[in-house]
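Below is one structure, written out as C-alpha cells; the observations come after it.
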Amino acid sequence: MATNSLMPSATTAITLRVNGQTHRLDVDNRGTLLDALRESLTFTGTKKGCDRGECGSCTVHIEGRSALSCLTLAVMTEGKEITTIEGLAPAGALHPVQAAFIEHDGFQCGYCTPGQIMSAVACIREGHAGSDDEIREFMSGNLCRCSAYPQIVSAVRACATVKGI
Amino acid sequence: MNGAIGEPVSRVDGPDKVSGRARYTADTPLAGVLHAVIVPATRPKATITEFDLTAASVAPGVIRIFTHRNTPKLASVRDYVLVSQHLLPLQDDRVLHEGQPVALVVADTLERATEAAPLVKVSYREEPFDADFLAGVDGAEVALDFLGSPPRSARAMLRRPGPRLK
Amino acid sequence: MQTFSYARAATLADAITAAAQADTMVIAGGTELLNWMKDGIVLPQRIVDLNALSGLDQIVVDGNGLKLGALARMSDVAEHDAVKRDYPAISQALFKSASAQIRNMASMGGNLMQRTRCPYFRAEVELACNKRRPGSGCSALDGEDRHAAIFGASEHCIATHPSDVAVALAALDALIHVNGPGGSREIPFADFHRLPGDAPNRETQLSHGEIITSIEVPASALSKRSHYLKIRERASYEFALVSAAVGLDLQGGAIREARIALGGVAPKPWRLSAAEQALRGVSLSDTAALRNALDTDFSQAKPGRHNGFKVELARRTVIRALQTAGGVA
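Protein chains in written order, with the working numbering: chain A, 9 to 173; chain B, 85 to 250; chain C, 888 to 1216.
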C-alpha cells in the first residue's frame, strides 16, 4: 500500500467568499469547508455532528443552494459565495425563519438549529414547503436528537408564504 | 415571574441559538490548540501485546502518541453508581470491547492527527468473548443499590420472562 | 485522510490525461469520495476536480430522448419539468435519494459510481472484505447479511448496489457515454456495472482514466409511463430494502410491453427479463397473473440467512409498481 506518510501535507492558497466577505487562506487539501469555517475563520455557528454527511448540522448555502460543508473540500469552494448561519441576517436582526424558530420553539439544545435553519430557508426558497409532509420530506437531511421536529415543521410552515424568504 | 406560568414563553437562549452565536464546547476559541485522534481496539476481548509506532511517530505533524505505557494513572470513580466508570482509557493492556481507545495520537492539525492514527499498529492476544447478555446473567456484577431497588429483585426481574425479554 | 495534491481540470482532455495517472481519482460532487477517503477505502495521491469542465451539466429532452450530462446535479435533474413529465421514474428515483443537501451536491455520473453500503465494506476499521482487499474474504457471508443480495452474488461478495436512479436507468435501457485515453465509447447500461464473480473489487466496465460524460435514455411510451417505488424502513433519507423501477406500454388495461428493474437486491440493478416477456398481454388488474409472470425470474433468488424477506417483498414491490404506473393501484 503506497503511503504518503513522509510527504508534507499538500496545501493550497484559496480565496473564500463567506457571508459577503473575502478571506484568503492556506488550507490543507484534505480540509473540509466545515473545518475551514470553524477553525480558520471562527464561524462556529456551523456545527460538526457526524462529519460524514448523515446529520445535516453542517448545512450551509453554496451559491444559494443548501450543501453539506463536511463533505465539501475547502479547496473546491474557491470563489464561490458561501452563506453560513451568521450571514443569514444583518448583525442584530433576525431572519424571519430564525424568528419563527424562536416563536415556535423549534429547538432544545440548539446544536442542530443552525443547520435546520439553513435547510429551512432553502426548503422555502425552492418551493418545497407546501405542506407539513413536504417539509418533512425536504428537511429529512437534518436530524434533531432532541426531537423538536414537530415544532421545526411549524416554524417552517409559518414562513412558507412569507415573501422574499 | 408568576405571570409566566401557563403562558407560552420564548426560550431566553433562543436568539443566540438561532443566530449561531451560542458557544458549545468545541466552539471555544483557543490559541495553540492541538488535535488528538483515538486509535480504537479492533478486537472484542484481548490483551495488548505490542505497539508498533514507527510509522505513526514520523508522520507529519505528530507530537506525541499516548498508550497505556506512557499515560498517567487516572483516579477511578467508584462511589456513585450513575457516574462510576470501571474502564478508564489507556490505563492497562486489557481490551474489553471493540472500539475501546488503545492509543491517542496528538498532532498539530486535525488532518494530520487523522492521517497518523491508522498508522499505529497494535498486536493483540485474543481471548474468547461473550456477546450474549442473558447467557451470562448469573455472572453479572450486582449493583449494591441501584436507585433504591435491592439487588435481589433486580436479578429476579432479569430472569422473569416478560414482554420485553424474548 | 492521506494527503493528496489537488488540481482543477480546465478541459476534458486535461481531465482524462490526469485521471489516467496512477493513484489519481476524479471528483465531482464529492459526496462519496470524501467518505471513501475518510474511511481509508481509497488512498489517492492526486485528486482532479471536474467541476470546471463546461458543457457536461446539460439536461436536454427532445424527441429522441433524454440526455443528461455527467455533471448535472441530482436535484436539477429531479426538478426538471420535462424529466418529470416524460421520464417520471428517473425524477422519482432521484427525489427518493439521499437528502436535499446531498442531491444539490451530487452529480449524475458520480451517482452511478457510488459503492455499496455493506457495513463490512464501510467499516472504519478494516474488516475482511474482498472489495477493499481482494482475497481477504467476505465478512457478510457468515456474518450479518440482512442487507445482502438475493440475486447475482458470489461466494466472494454478496453486497448490493445502492443507487436509486441506476435502477430507473437500467429499466429504461439507458446508454452511458464515456471518454478516456482510448477515446470515446458507449456502454449499454446493463453492461456498465459488473457482477462480483471472483473480482468484486472491479465494479464497473470503466478502465483507469475513463470518465463518464453523459447518460442517454431513449424516448418511448415505456419511459413516459414509468414509476419508481422504494421500500425502506424510514420514510426518507434511507437506502432501499427493495425497490422497483417499471415502464409500461399499455393497450386498454393490458400490458403491451413492460420494463422492470429491481434495486436493493443485487450487485447491480436487476432486470426481470423473463417477467417482461411473460407480462405481454396480461391485464394490469389481474394481480395473480402479474405474480405468476415473476416466477421464472424469482426462481433464481438465493436468499441468505437474514434477507429472505426480500424475496416476497420484491415480488409485491414489482406488482405495486406496475399497478401504480398503470393507474390501477
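From the three backbone atoms N, C-alpha and C, an ideal C-beta is built for every residue, glycine too.
Residue i at chain B interface by Cβ criterion, 7 Å
i	result
V929(C)	no
I110(A)	yes
Q932(C)	no
G53(A)	yes
R1012(C)	Sequence check: residue 1012(C) is Val here, not Arg. Yes, its Cβ sits closer than 7 Å to a Cβ of chain B.
G39(A)	yes
Q988(C)	no
I93(A)	yes
Q1092(C)	no
Per-residue burial, residue i [other beta carbons within 10 Å of its own, 16 or more giving buried]
i	result
N37(A)	buried
Y893(C)	buried
I1102(C)	buried
A21(A)	exposed
N113(B)	Reading off the sequence shown, one finds Pro at residue 113(B), where the question assumed Asn. Exposed, since its Cβ has fewer than 16 Cβ neighbours within 10 Å.
I89(B)	exposed
F967(C)	Before going further, note that residue 967(C) is His rather than Phe in the sequence given. The residue is buried, with at least 16 neighbouring Cβ atoms inside 10 Å.
C58(A)	exposed
Q1001(C)	buried
F1196(C)	exposed
R1089(C)	exposed
Contact set for residue i: own chain, Cβ-Cβ below 7 Å, skip 5 residues either direction
i	result
D177(B)	T131, I132 and H152
M126(A)	T67, V68, H69, S74 and I93
L955(C)	I946, V964, M995, S1101 and I1102
F213(B)	P128 and K129
N12(A)	Unreliable positioning characterises N12(A) in this predicted model, as indicated by a pLDDT of 37, which lies under 50. The coordinate reading is nonetheless provided below. Hits under 7 Å: none found.
M912(C)	L920, V929, P931 and I934
R209(B)	A130, T131 and T133
G61(A)	L76, C78 and L79
A1212(C)	R1112, S1113, H1114, V1133 and L1135
One or two residues paired with residue i in a DSSP bridge
i	result
N1066(C)	S1071(C) and I1098(C)
V913(C)	V935(C)
H119(B)	A191(B)
T131(B)	R178(B) and R209(B)
S984(C)	Note: S984(C) sits in no beta bridge, so no partner.
R895(C)	D936(C)
F150(B)	L188(B)
Unbroken alpha helix (DSSP H) run spanning residue i, endpoints
i	result
I160(A)	Y157 to C167
L179(A)	The shown model of chain A, from 9 to 173, leaves out residue 179(A), and the question about it has no answer.
G1150(C)	That residue, G1150(C), is in no alpha helix (DSSP H); its beta strand (DSSP E) goes A1141 to G1150.
V964(C)	M961 to E966
S141(B)	T138 to S141
F1038(C)	Unbroken run through F1038(C): none, as it is neither H nor E.
T1183(C)	D1182 to F1185
I132(A)	T121 to R133
V1215(C)	Segment: none, V1215(C) is in no alpha helix (DSSP H) and carries neither H nor E.
R144(A)	D140 to F146
Min CB distance residue i to chain A below 7 Å
i	result
Q979(C)	no
E91(B)	no
A1127(C)	no
K101(B)	yes
G34(B)	In this structure chain B extends from 85 to 250, so residue 34(B) is not present and cannot be described.
Endpoints, beta strand (DSSP E) assigned at residue i
i	result
R32(A)	Q29 to D36
L955(C)	G952 to G956
I90(A)	E89 to T91
K205(B)	K205 to E210
K1117(C)	S1113 to I1118
D1136(C)	V1129 to Q1138
Nonlocal neighbours in the same chain, by C-beta distance under 6 Å from residue i, ignoring five residues either side
i	result
A139(B)	L203
L1128(C)	I1118, R1119 and G1151
G39(A)	A82
G95(A)	N27
P975(C)	S1113
Chain C within 7 Å of residue i, Cβ atoms only
i	result
A18(A)	yes
K250(B)	Any answer about K250(B) is weak, because its pLDDT of 42 lies below 50 and its placement is not dependable; what the coordinates show is given next. K250(B) does not count as touching chain C.
A126(B)	Residue 126(B) is actually Thr in this sequence, not Ala. T126(B) counts as touching chain C.
E71(A)	no
E199(B)	yes
N12(A)	Any reading at N12(A) needs caution, since the residue's pLDDT is 37, under 50, leaving its predicted position unreliable; the model's value is listed next. Closer than 7 Å to some Cβ of chain C, the Cβ of N12(A) qualifies, so yes.
V164(A)	no
E145(A)	yes
Own chain partners of residue i with C-beta closer than 8 Å, once the 5 adjacent residues on each side are dropped
i	result
A1141(C)	G1168, V1169, S1170 and L1171
A844(C)	Because residue 844(C) is not part of the residues shown, which for chain C are 888 to 1216, the question remains open.
R1020(C)	E1013
D1085(C)	S1041 and H1043
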